Structures are given as C-alpha cells and as structure tokens.
Amino acid sequence: MSDVLIKAEHVSKKFCRSLKRSLWYGVKDVAHSLNPWAHDANGNAAENARSHQLRQDEFWALQDISFEVRRGECLGLIGHNGAGKSTLLKILNNLIRPDSGRISMRGRIGAMIELGAGFNPILTGRENVYNQAALLGFSPADAKRKFDAIVDFAEIEHALDMPLQNYSSGMRVRLGFAVFAHLEPDVLLIDEVLAVGDVGFRFKSLNKMSELLNRCAVIFVTHTMPQVFRVCNDLILLDHGNIKYQGTDISVGVSKYFDAFNQGAQAVTGSGEAEVLELSASSGKHRATLGQTLPIHFGSEIQLSILLQMAPQYRAGQIQCLFWNTELLPIMDVMTESLQGFRFAADVMGQASINVRLPALNLNAGKYNLSVIVLSDDQKVLCRHDGALAVNVTAHCSSGAHVLMAADWSVGSEQVRARI
0 MSDVLIKAEH
10 VSKKFCRSLK
20 RSLWYGVKDV
30 AHSLNPWAHD
40 ANGNAAENAR
50 SHQLRQDEFW
60 ALQDISFEVR
70 RGECLGLIGH
80 NGAGKSTLLK
90 ILNNLIRPDS
100 GRISMRGRIG
110 AMIELGAGFN
120 PILTGRENVY
130 NQAALLGFSP
140 ADAKRKFDAI
150 VDFAEIEHAL
160 DMPLQNYSSG
170 MRVRLGFAVF
180 AHLEPDVLLI
190 DEVLAVGDVG
200 FRFKSLNKMS
210 ELLNRCAVIF
220 VTHTMPQVFR
230 VCNDLILLDH
240 GNIKYQGTDI
250 SVGVSKYFDA
260 FNQGAQAVTG
270 SGEAEVLELS
280 ASSGKHRATL
290 GQTLPIHFGS
300 EIQLSILLQM
310 APQYRAGQIQ
320 CLFWNTELLP
330 IMDVMTESLQ
340 GFRFAADVMG
350 QASINVRLPA
360 LNLNAGKYNL
370 SVIVLSDDQK
380 VLCRHDGALA
390 VNVTAHCSSG
400 AHVLMAADWS
410 VGSEQVRARI
C-alpha cells in the first residue's frame with residue numbers, strides 16, 4: 000500500500016515575541032476572519048495577505064513546509080532546539096493553526112507530542128487506557144480486548160490503579176506509547192518522548208515502530224541519530240523554520256545536522272609540554288592539513304604525518320590518533336601503545352616526525368573528527384589536540400553502525416567480495 004495519509008502543502012506559521020502585540024495581532028486577525036468581505040464565493044475565509052508578511056516582533060517558526068507521508072513510511076524530523084519540529088507536529092495534530100498552507104490527514108491519529116499529553120492526571124492508568132480508546136473511537140468491548148496487550152507492553156501492572164499524577168515520567172511514556180501503538184493508528188506522531196524511557200523500553204518501542212510501519216504512517220522527532228537510521232526512510236532537517244535538507248539519503252541529512260553545530264572547532268588541552276606543529280592527511284589525490292577536512296571514500300587508504308614539538312624534559316613518548324563521530328562518540332583508535340616497546344623519540348631540537356598509514360578506513364559514511372593525543376611514558380597527557388582535522392567519508396551505502404566491514408561472501412560455488 001502506498002496511499003498518502005499525511006500531506007502538508009506550503010505550511011507556514013509565525014509567532015510574536017511580544018505578548019502585548021501578539022494579543023493585538025490576534026484581535027485584528029479574528030476581526031479580519033469575521034469580515035464578510037474577506038470571504039470567497041464559497042463562503043470560505045480568504046487568506047489574509049498579512050499571513051505572508053511579518054509584522055513587528057514576529058518571526059517565522061515554520062516557512063513553506065511541504066511533504067507527503069504514505070502508509071508504510073516513517074518521516075524523521077531533526078534539527079536544533081527551536082528549529083520548528085514541535086510546532087509542525089502541533090499543527091499536524093490540530094493543536095494550532097498554520098498562518099498559511101494546508102494540512103490533510105486521513106485515518107485514526109495517535110499523537111505523543113508532549114509528555115502525558117491527552118492523559119488525565121487525576122484518573123488511574125487503567126481509566127486513562129479506556130478513556131484514550133474511547134477518544135479514538137473504540138467501544139468498551141474493543142478496548143477490553145486490547146487492554147492486556149497494552150499493559151504487558153507498558154510493564155506497569157503494579158501501578159494500573161494508581162493516579163497518573165503519581166507516575167514517573169518514564170512510566171507515563173510507557174503507558175502513552177503502549178496505548179497509541181496498540182490502538183491501530185493510521186498516523187502516529189512522536190515527538191522526542193522516547194528519550195525519557197530506559198534503554199530496554201526504547202529498544203522495544205523501536206521494534207514496535209518497525210512493526211507499525213506495515214500499516215501506518217509515522218512522523219518521528221528525535222535528537223538521537225541511531226534511532227533515525229533505524230526506523231526512518233525519509234528525512235527533513237529543519238533550521239529556524241526552513242527546510243535545509245529533504246530526502247531519503249539519511250546519512251546526508253544527519254551529516255548536515257551535525258555540521259550546523261560546528262563540532263570541527265579545534266581545542267588544545269593537556270599539560271602543554273608537547274605541541275602539534277604540523278598535521279597532514281592524504282588519501283589518493285586529496286590532502287588536508289590542520290583544521291581542514293579530508294574527503295575520502297570508504298575503504299581507501301589514509302596516511303597521517305605529524306610533527307611534534309616536545310618540552311626538554313620529554314624527549315620520547317607515545318602518540319594516539321582518535322577518531323570521533325559527530326555525536327562525540329569515539330569510533331576508532333590508533334595508538335603506539337599497542338606496539339609493545341615502541342615509543343617515538345625527539346631529535347636534538349625537540350621535534351619528532353611521525354607517520355602512520357591506515358590501509359583501509361572502513362568507517363560508515365559521515366564526518367569524523369581526529370584528535371591527536373601525546374602521552375609521556377607514565378601516561379601523562381602532554382598535549383591533546385581535538386578537532387585537529389576532519390575526514391568526510393563517502394560510501395555507496397550507509398548503515399546505523401559505525402564500522403562497515405568488507406567481507407568475502409559465497410552463495411553456493413559463487414564467491415563475491417563485498418565492496419561498499
């Protein structure tokens with residue numbers, strides 16, 4: 000099935016920074032909507048020309064957003080805080096109206112856009128399950144048939160008859176997701192709430208989302224990129240209300256998301272008794288030096304050349320080259336300490352020239368920052384140069400994993416070497 004369940008056409012929304020002006024603008028806009036001359040021949044309110052213009056203290060929370068989500072698809076919405084993700088979900092859930100544009104949605108809608116939204120804190124967990132089922136159009140008998148599956152998934156049997164206001168945030172998320180996931184939604188809107196749950200529940204929820212994709216359309220807002228890789232097959236990157244990336248290549252969108260945070264900025268720490276004077280990296284015809292980015296294809300060879308200046312009291316030591324991904328997780332480490340008995344030695348000028356060759360860089364497509372760490376023999380950090388340079392890896396395919404291994408495969412008598 001490929002029917003469109005969610006469609007947004009040129010949606011824009013603006014807010015006002017001044018409460019006083021916001022109230023005045025609201026009165027004027029309501030008056031305009033009530034003006035009989037401001038309606039078309041069919042009696043529909045004509046779009047206010049001001050809806051396309053900013054008045055004093057106004058700003059665009061969303062501007063000209065268009066997309067479609069079909070049954071069986073999961074659209075990921077990513078972006079920094081304040082990019083417009085939650086505003087878009089509130090418009091989709093009919094909590095606020097757009098200033099211009101059109102939203103069309105079909106089928107039963109389940110929305111988790113705020114922690115505990117739609118639930119009554121005075122009612123018990125049991126009562127909230129039946130209440131939500133009724134709001135979604137289920138009869139008491141239908142809700143009763145699904146009740147046990149909801150409770151088993153949420154794992155809150157011990158708290159079913161306790162008021163929801165006494166639940167922890169994690170328990171509320173468990174109950175909310177379990178209710179909407181089991182009440183057969185055609186459209187599921189999820190806004191970052193899974194970040195509140197524990198690791199086990201997030202794992203179970205992502206599996207359930209993959210199962211739901213067989214019959215519904217999902218819009219998923221998160222700051223956790225591995226979750227995006229796992230469940231999303233389409234992606235929109237928002238920046239101050241505008242679309243900066245829209246497409247099905249998840250790795251490209253995620254890379255652009257992290258680029259916005261300028262994580263390649265250099266930082267030097269340590270005791271100061273060593274310094275990275277020069278650093279260069281090369282792969283094929285490409286070359287980069289301190290502070291630059293080296294483009295490299297998956298599996299290609301990379302060579303690093305490092306020139307160090309050592310303090311007089313340290314004429315020898317160890318060196319470590321550490322690759323970080325854009326989520327600041329260490330992904331790959333190359334260190335002289337792993338070679339027993341090896342240590343570099345400085346010349347009479349206190350300088351040491353070190354070269355390292357990596358035969359194949361099998362990192363997943365994306366951007367990685369390199370840290371150069373100089374250690375004394377007793378593991379004192381003499382210099383740590385973070386963001387010394389970056390490598391931008393491209394590949395024919397991508398994965399949620401950090402490392403993609405080339406492998407020899409065989410099917411019957413045919414042998415194939417995997418190339419990425």
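Sequential numbering of the sequence shown, starting at 0, is according to numbering that gives the first Met the number 0. Backbone N, C-alpha and C define an ideal beta-carbon position, used for all residues, glycine too. Quick caveat, the model's predicted, so the values are computed rather than measured.
Item to check | DSSP-derived helix/strand/coil call for M170 | outcome: Position 171 of the sequence shown, counted from the first residue, corresponds to residue 170. Residue state, collapsed to three classes: helix.
Checklist entry - In terms of residue numbering, what span does the alpha helix (DSSP H) encompassing K203 cover? => result Here residue 203 corresponds to residue number 204 of the sequence shown, with the count starting at 1. Per DSSP, the unbroken alpha helix (DSSP H) holding K203 starts and ends at 198-211.
Next on the checklist: Starting from Q302, trace the beta strand (DSSP E) in both directions and tell me its first and last residue.
Outcome noted: Taking the first residue of the sequence shown as 1, we reach residue 302 at position 303. 301-309 is the span of the beta strand (DSSP E), which, as asked, contains Q302.
Checklist entry - What whole-angstrom Cβ distance do F297 and L212 have, given they're in contact under 8 Å? => result As a position in the sequence shown, residue 297 is number 298, starting the count at 1. As a position in the sequence shown, residue 212 is number 213, starting the count at 1. Here F297 is actually not in contact with L212; their C-beta atoms are around 28 Å apart, not less than 8 Å.
Checklist entry - Looking at the structure shown, is K89 part of a helix, part of a strand, or coil, going by DSSP? => result Looking up residue 89 in the sequence shown gives position 90. Collapsing the DSSP output to three states places K89 in a helix.
Checklist entry - Between A148 and the rest of its own chain, which residues show a CB-CB distance below 6 Å, the 5 nearest in sequence each way excluded? => result Here residue 148 refers to the residue found at position 149 when the sequence shown is read from its first residue. Here the set comprises H181.
Next on the checklist: Please list the terminal residues of the continuous beta strand (DSSP E) segment that includes P329.
Outcome noted: Start at 1 with the first residue of the sequence shown, and residue 329 comes out as number 330. For P329, the enclosing beta strand (DSSP E) stretches over residues 329-334.
Item to check | Check whether V392 and G349 have beta carbons under 8 Å apart | outcome: Numbered from 1 along the sequence shown, position 393 holds the residue referred to as residue 392. Numbered from 1 along the sequence shown, position 350 holds the residue referred to as residue 349. Not closer than 8 Å, so no.
Item to check | Integer Cβ distance of L174 from G136, believed to fall under 8 Å | outcome: Indexing the sequence shown from 1 puts residue 174 at position 175. Indexing the sequence shown from 1 puts residue 136 at position 137. So it is not a contact: roughly 19 Å between Cβ atoms.
Checklist entry - Who pairs with A264 in a beta bridge, going by DSSP? => result For the purposes of this step, residue 264 is identified with residue 265 of the sequence shown, where counting begins at 1. For A264, which the question treats as bridged, DSSP gives no partner whatsoever.
Next on the checklist: Under 8 Å, with one C-beta from each stretch per pair, do the stretch 149-168 and the stretch 75-86 reach the 3-pair mark?
Outcome noted: Touching, no.
Next on the checklist: Can you find the residues in the same chain that come closer than 7 Å, C-beta to C-beta, to F146, ignoring five residues on each side of it along the sequence?
Outcome noted: Numbered from its first residue, the sequence shown carries residue 146 at position 147. Taken in chain order, the residues that qualify are V128.
Item to check | E67 in three-state terms, based on DSSP | outcome: Position 68 of the sequence shown, counted from the first residue, corresponds to residue 67. Strand, per DSSP.
Checklist entry - DSSP three-state call for V347: helix, strand or coil? => result Taking the sequence shown and counting its residues from 1, the one referred to as residue 347 is at position 348. Correct three-state label for V347: coil.
Item to check | Nearest residue (CA-CA) to V355, options G269, A287, S279 | outcome: Along the sequence shown, one-based indexing puts residue 355 at 356. Of the listed residues, the one whose Cα sits closest to V355 is S279.
Next on the checklist: I want to know whether the stretch 222-238 touches the stretch 199-209 - three or more CB-CB distances under 8 Å.
Outcome noted: Three or more pairs of CB atoms, one per stretch, sit closer than 8 Å, so the stretch 222-238 contacts the stretch 199-209.
Checklist entry - How long is the line joining the alpha carbons of A315 and S209, rounded to whole angstroms? => result Taking the sequence shown and counting its residues from 1, one reaches residue 315 at position 316. Taking the sequence shown and counting its residues from 1, one reaches residue 209 at position 210. About 54 Å.
Next on the checklist: Give me the residue from V347, A7, S17 with the minimum Cα distance to Q55.
Outcome noted: In the sequence shown, counting from the first residue as 1, residue 55 sits at position 56. Minimum Cα distance to Q55 is reached at S17.
Next on the checklist: Can you tell me whether M0 is helix, strand or coil according to DSSP?
Outcome noted: In the sequence shown, residue 0 corresponds to position 1, counting from 1. Confidence at M0 is low in this model, with a pLDDT of 45, below 50, so its placement is unreliable and no value can be given for it.
Checklist entry - Which stretch, first to last residue, makes up the beta strand (DSSP E) that contains P294? => result In the sequence shown, counting from the first residue as 1, residue 294 sits at position 295. That run of the beta strand (DSSP E) goes 292-296.
Item to check | Own chain, CB closer than 8 Å to I318, minus 5 neighbours either side, in chain order | outcome: The residue labelled residue 318 in the question sits at position 319 within the sequence shown. For I318, where only same-chain residues beyond five positions count, the Cβ hits under 8 Å are I305, L307, M334, T335, F343, I353, V371, I372, V373, L374.
Checklist entry - Buried or exposed: S120, going by 16 or more other Cβ atoms within 10 Å of its Cβ? => result Along the sequence shown, one-based indexing puts residue 120 at 121. As written in the sequence, residue 120 is Pro, which differs from the Ser given in the question. P120 is exposed by the Cβ-count criterion.
Item to check | D377, buried or exposed, once every other Cβ within 10 Å from all chains shown has been counted against 16 | outcome: Here the question's residue 377 lines up with position 378 in the sequence shown. Label assigned to D377: exposed.
Item to check | Residues near E272 in its chain [Cβ-Cβ closer than 6 Å; skip 5 each side] | outcome: Indexing the sequence shown from 1 puts residue 272 at position 273. Taken in chain order, the residues that qualify are A310, Y313, L381.
Item to check | Close Cβ partners of A345 (< 6 Å) along its chain, the five nearest in sequence each way excluded | outcome: For this step, residue 345 is matched to residue 346 along the sequence shown. Cβ contact annotation for A345 (same chain, cutoff 6 Å, sequence separation greater than five): M309, R314, A351, in chain order.
Item to check | Where F152 sits in the DSSP three-state scheme | outcome: Counting from one through the sequence shown, the residue named residue 152 turns up at place 153. F152: helix per DSSP, three-state reduction.
Item to check | N368 in three-state terms, based on DSSP | outcome: Indexing the sequence shown from 1 puts residue 368 at position 369. Taken through DSSP and simplified to helix, strand or coil, N368 comes out as strand.
Item to check | Rounded separation between M161 and S138 - CA only | outcome: In the sequence shown, the residue the question calls residue 161 occupies position 162. In the sequence shown, the residue the question calls residue 138 occupies position 139. C-alpha separation (whole angstroms): 23 Å.
Checklist entry - Can you name the start and end residues of the beta strand (DSSP E) that G420 belongs to? => result The chain is shown from 0 up to 419; residue 420 falls before or after that span and cannot be answered.
Next on the checklist: Considering only their Cβ atoms, is the gap separating A216 from V68 smaller than 8 Å?
Outcome noted: Taking the first residue of the sequence shown as 1, we reach residue 68 at position 69. Taking the first residue of the sequence shown as 1, we reach residue 216 at position 217. Taking 8 Å as the Cβ cut-off, V68 and A216 qualify as a contacting pair.
Checklist entry - V26: buried (16+ other C-beta within 10 angstroms of its C-beta) or exposed? => result Here residue 26 is taken as the residue at index 27 of the sequence shown, counted from 1. Its Cβ having fewer than 16 others within 10 Å, V26 is exposed.
Item to check | Status (buried if at least 16 other CB within 10 Å, exposed otherwise) for G100 | outcome: The residue labelled residue 100 in the question sits at position 101 within the sequence shown. So G100 counts as buried.
Checklist entry - Apart from the five residues just before and just after D185, which ones in its own chain have a Cβ nearer than 8 Å to its Cβ? => result As a working note, residue 185 is residue 186 in the sequence shown. For D185, where only same-chain residues beyond five positions count, the Cβ hits under 8 Å are L4, R70, R105, G106, R107, I108, R214, C215, A216.
Checklist entry - Would you say Q302 and G386 are within 8 Å of each other, going by their C-beta atoms? => result Your numbering for residue 302 matches position 303 in the sequence shown. Your numbering for residue 386 matches position 387 in the sequence shown. No, the pair does not count as a contact, with Cβ atoms beyond the cut-off.
Checklist entry - Per DSSP, what kind of secondary structure is Y244 in: helix, strand or coil? => result Looking up residue 244 in the sequence shown gives position 245. Strand.
Next on the checklist: In this structure, how does DSSP classify E57 when only helix, strand and coil are distinguished?
Outcome noted: For this step, residue 57 is matched to residue 58 along the sequence shown. Under the three-state reduction of DSSP output, E57 falls in the strand class.
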